[in-house]
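*Asks:*
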Amino acid sequence: MSFIIFLIIPILLYPNWIAEGYIGRKNYVTSAEEKMNLLEKDRELIILLNSYAVELQDKIDVLRGVAKEFKKNLEEARGREEEYLSNPINRLTLLRQMHEDWEPVEKLMQQPVGQAQIESIMSIHKELPTQNDLNEANHAMFRIIQAYGLEPKDVARGLVDGVQYRGNLSASNCYAMGKFAFKAGNYQMASKWLSVAKDLLMEQPRKYHELIGVTIMDITLLLARSLIANGNIYIARDMLMNDSILSETGNVLSLQFIRNSPRPTINVEPWESALTFNDLCRSASRRQSNKNKPTRLHCRYNTTTSPFLKLAPFRMEELSLDPYIMLYHNVLSDLEIEKLEQMSGPFLERTKVFLAENGTEQIAPSRSADGVWLPHLQTIPEDLEILSQIERRIGDITGLNMRTGGKMQFLKYGFGGHFVPHHDYFDSKTSFLEMAGDRIATVLFYLNNVEHGGATAFPKINLAVPTQKGSALFWHNLDGESYDYDKRTFHGACPLISGNKLVMTRWIYELDQMFLLPTMHPPRSRNFSRSLRNQV
Numbered sequence: 001m002s003f004i005i006f007l008i009i010p011i012l013l014y015p016n017w018i019a020e021g022y023i024g025r026k027n028y029v030t031s032a033e034e035k036m037n038l039l040e041k042d043r044e045l046i047i048l049l050n051s052y053a054v055e056l057q058d059k060i061d062v063l064r065g066v067a068k069e070f071k072k073n074l075e076e077a078r079g080r081e082e083e084y085l086s087n088p089i090n091r092l093t094l095l096r097q098m099h100e101d102w103e104p105v106e107k108l109m110q111q112p113v114g115q116a117q118i119e120s121i122m123s124i125h126k127e128l129p130t131q132n133d134l135n136e137a138n139h140a141m142f143r144i145i146q147a148y149g150l151e152p153k154d155v156a157r158g159l160v161d162g163v164q165y166r167g168n169l170s171a172s173n174c175y176a177m178g179k180f181a182f183k184a185g186n187y188q189m190a191s192k193w194l195s196v197a198k199d200l201l202m203e204q205p206r207k208y209h210e211l212i213g214v215t216i217m218d219i220t221l222l223l224a225r226s227l228i229a230n231g232n233i234y235i236a237r238d239m240l241m242n243d244s245i246l247s248e249t250g251n252v253l254s255l256q257f258i259r260n261s262p263r264p265t266i267n268v269e270p271w272e273s274a275l276t277f278n279d280l281c282r283s284a285s286r287r288q289s290n291k292n293k294p295t296r297l298h299c300r301y302n303t304t305t306s307p308f309l310k311l312a313p314f315r316m317e318e319l320s321l322d323p324y325i326m327l328y329h330n331v332l333s334d335l336e337i338e339k340l341e342q343m344s345g346p347f348l349e350r351t352k353v354f355l356a357e358n359g360t361e362q363i364a365p366s367r368s369a370d371g372v373w374l375p376h377l378q379t380i381p382e383d384l385e386i387l388s389q390i391e392r393r394i395g396d397i398t399g400l401n402m403r404t405g406g407k408m409q410f411l412k413y414g415f416g417g418h419f420v421p422h423h424d425y426f427d428s429k430t431s432f433l434e435m436a437g438d439r440i441a442t443v444l445f446y447l448n449n450v451e452h453g454g455a456t457a458f459p460k461i462n463l464a465v466p467t468q469k470g471s472a473l474f475w476h477n478l479d480g481e482s483y484d485y486d487k488r489t490f491h492g493a494c495p496l497i498s499g500n501k502l503v504m505t506r507w508i509y510e511l512d513q514m515f516l517l518p519t520m521h522p523p524r525s526r527n528f529s530r531s532l533r534n535q536v
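FYI, in UniProt numbering the residues of the sequence shown are 1 to 536.
#1: Let me know the secondary structure DSSP gives residue 290 once reduced to three states.
#2: Spell out a yes or no on whether the segment 334–353 and the segment 363–379 are touching, meaning 3 or more CB-CB pairs, one atom from each, closer than 8 Å.
#3: Can you grab the Cα-Cα spacing for the pair residue 495 / residue 414, in whole Å?
#4: Helix, strand or coil, according to DSSP, for residue 540 in the structure here?
#5: Does the segment 146–166 touch the segment 109–121, meaning 3 or more C-beta pairs lie closer than 8 Å?
#6: For residue 517, which residues of its own chain have a beta-carbon under 6 Å away from its beta-carbon, when the five flanking residues on both sides are left out?
#7: Please report the straight-line C-alpha distance between residue 352 and residue 506, rounded to a whole angstrom.
#8: Quick check on residue 565: buried or exposed, where buried means 16 or more other Cβ atoms within 10 Å of its Cβ?
#9: Let me know the secondary structure DSSP gives residue 249 once reduced to three states.
#10: How do the segment 323–334 and the segment 460–480 stand: do at least 3 beta-carbon pairs fall below 8 Å, yes or no?
#11: Is residue 437 near residue 509, with beta carbons less than 9 Å apart?
#12: Determine the closest residue to residue 366 out of 345, 350, 54, 379, with distance taken between C-alpha atoms.
#13: So what's residue 429 in DSSP terms, helix, strand or just coil?
#14: Looking at the strands, I want to know which residues DSSP matches up with residue 325.
#15: The beta strand (DSSP E) spanning residue 420 covers which residue range?
#16: Is the beta carbon of residue 92 closer than 9 Å to that of residue 62?
#17: Measuring CA to CA, which of 460, 138, 503 is closest to residue 276?
#18: Would DSSP call residue 281 helix, strand or coil?
#19: Could you tell me the distance, in whole angstroms, from the CA atom of residue 167 to the CA atom of residue 489?
#20: Tell me, to the nearest whole angstrom, how far the beta carbon of residue 205 is from that of residue 174; I am working on the premise that it is less than 8 Å.
#21: Based on the DSSP secondary-structure assignment, which residues constitute the bridge partners of residue 120?
#22: Quick one: grab the DSSP three-state call for residue 235.
#23: Count the other CB atoms, across all protein chains shown, that sit within 10 Å of the CB of residue 47; report buried if there are 16 or more and exposed otherwise.
#24: Which of the three DSSP states, helix, strand or coil, is assigned to residue 502?
#25: Just mark residue 254 as buried or exposed, buried being the case when its beta carbon has 16 or more other beta carbons within 10 Å.
#26: From what residue to what residue does the beta strand (DSSP E) around residue 458 run?
#27: To the nearest angstrom, report how far apart residue 69 and residue 115 are at their CA atoms.
#28: Determine, using beta carbons only, whether residue 231 and residue 240 come nearer to each other than 9 Å.
#29: Report the rounded CA-to-CA distance for residue 237 versus residue 256, giving the unit in angstroms.
#30: From this set, 319, 381, 161, which residue's C-alpha is nearest residue 476's C-alpha?
#31: Pull the bridge partners of residue 301 from the DSSP assignment, please.
#32: Thinking C-beta only, is residue 133 closer than 9 Å to residue 497?
#33: According to DSSP, simplified to helix, strand and coil, what is residue 140?
#34: How about residue 404 and residue 322: are their beta carbons less than 9 Å apart?
#35: Can you check the segment 358–397 for any beta strand (DSSP E) of at least 3 residues that lies completely inside it and give the ranges in chain order?
#36: Taking residue 189 as part of the alpha helix (DSSP H), name the residues at either end of that continuous run.
What follows is the structure, given as structure tokens:
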């Protein structure tokens with residue numbers, strides 16, 4: 001399904017939405033089945049609407065035929081009314097018609113039309129996307145525009161980050177985006193979307209948009225509020241005063257808008273504060289990332305981290321030596337990836353984020369994906385063996401012990417799916433972390449090639465890694481010698497523009513390495529924040 005069509009069919013998560021329930025809710029973002037079901041429901045609704053229109057047209061045709069018959073007598077009497085009524089036949093015809101014929105006509109007019117279709121539409125309506133789903137779609141688009149530096153006028157015609165998609169956005173779509181940006185407090189973005197919506201409404205069917213509640217006046221007033229909130233007071237006042245409907249009241253409205261400053265009612269991620277991250281996302285989407293990578297980095301076969309690798313080495317690409325970040329190629333086979341998808345698909349749920357301040361996990365706007373921990377309770381023995389093989393492979397390529405935290409997290413990102421820049425280490429105290437230590441390293445498997453967007457970006461070291469099916473990205477979150485937190489491993493998942501993104505993550509914990517890497521040295525620089533009293 002194309003990027004634009006997906007947005008037109010309404011579909012990230014806000015803390016005040018949690019009570020309305022995300023777990024078990026139909027997911028139009030990542031579920032291919034639900035997206036296909038949505039198209040099928042749309043097709044069914046159109047069939048019902050056309051069927052209703054046909055019945056309505058049949059009734060209209062009958063009533064117009066009756067009116068035509070009734071009109072014959074009037075046409076015959078025109079200009080000679082007295083002579084016409086003096087004829088006893090005409091007088092009887094008129095009296096009988098006025099008494100008898102109008103009664104069944106009134107009954108026909110009062111008779112409901114298309115009740116079966118109306119009931120079917122009402123039944124389907126219960127299964128259609130909710131306001132939360134539409135907010136998700138708007139939020140996803142908002143996030144993509146912010147991260148990739150896009151212009152609403154380009155997106156409206158299907159041009160997204162240099163890629164021309166089929167389809168375009170209507171005035172109502174742009175108006176919805178303008179309202180969302182206004183509620184999110186981004187008045188500059190709101191002004192751009194509403195200006196596009198106003199222009200499009202002049203070109204598109206006005207009656208249709210008025211029927212669905214989008215009028216030129218709605219757009220004009222919200223555009224004026226957005227302009228004033230963004231500091232463009234004179235532009236807004238001139239626009240209101242030059243409006244043919246508002247005229248003199250335009251100045252009064254502009255004064256009211258100035259006195260009543262709007263307040264954001266929707267919480268969105270602060271993408272403006274992550275400019276380096278956004279730049280990396282944009283370069284990665286154009287396949288220009290890492291163009292300034294130092295020449296001392298090499299691609300080679302890893303034969304040293306495990307005796308097994310002397311027989312079957314892995315292709316390793318050095319992305320960074322300090323901090324240590326490697327990309328291993330062809331780690332997973334297509335068959336293994338297919339098995340991972342099969343064992344994960346039916347159990348996917350909205351992912352949660354660990355909150356260190358209270359030690360709980362919650363759905364949060366910082367991350368939008370579906371996930372499941374592998375293995376789960378219904379994993380069959382055959383699949384357990386596949387996971388064990390992958391686990392042994394992780395040990396081979398990393399050279400680390402992995403006794404603790406033996407589960408891997410399978411994740412599926414959909415339209416606009418992302419994870420804001422973060423560290424994988426916790427730097428907090430919980431019962432589990434006291435037992436296992438913090439996350440010393442991360443292994444991130446890429447399970448498919450992403451169509452557009454979705455790279456992994458490390459803004460502190462100017463590194464972006466596009467997805468590559470079957471590869472594994474490996475990095476140390478703690479310094480290998482001092483075990484101090486390495487803040488340079490700050491990373492995030494760039495918003496996904498098109499398609500789905502499948503990944504699987506395995507975290508490795510520090511206390512498992514106490515006999516493998518027993519020596520600890522003092523911190524080597526001020527970049528590391530962990531104090532010696534918290535060392536292993």
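No residue lacks a Cβ here, since even glycine has one placed at the ideal position from N, Cα and C. Predicted model only: the values in this text are computed from it and were never measured.
*Replies:* Considering the structure as presented:
#1: Low local confidence applies: a pLDDT of 49 at residue 290 is under 50, so the model's placement there is unreliable, with the coordinate-based value given in what follows. In this structure, residue 290 counts as coil in the three-state DSSP scheme.
#2: Touching, yes, given that three or more Cβ pairs across the two stretches are closer than 8 Å.
#3: 9 Å
#4: Given that the chain is displayed from residue 1 to residue 536, the structure contains no residue 540 and the question cannot be resolved.
#5: no
#6: none
#7: 16 Å
#8: Residue 565 is absent from the model: the chain starts at 1 and stops at 536.
#9: In this structure, residue 249 counts as helix in the three-state DSSP scheme.
#10: The answer is yes - the segment 460–480 touches the segment 323–334, with three or more Cβ pairs under 8 Å.
#11: yes
#12: 350
#13: coil
#14: Answer is 320, 475, bridged to residue 325.
#15: 418–422
#16: At a Cβ-Cβ threshold of 9 Å, residue 62 and residue 92 do not count as neighbours.
#17: 460
#18: helix
#19: 39 Å
#20: At roughly 15 Å, the Cβ-Cβ gap does not stay under 8 Å, so residue 205 and residue 174 are not in contact.
#21: For residue 120, which the question treats as bridged, DSSP gives no partner whatsoever.
#22: Residue 235 carries a helical assignment under DSSP once its states are collapsed to helix, strand and coil.
#23: exposed
#24: strand
#25: buried
#26: 456–458
#27: 28 Å
#28: no
#29: 11 Å
#30: 319
#31: 315
#32: no
#33: helix
#34: no
#35: 360–362, 370–374
#36: 187–203
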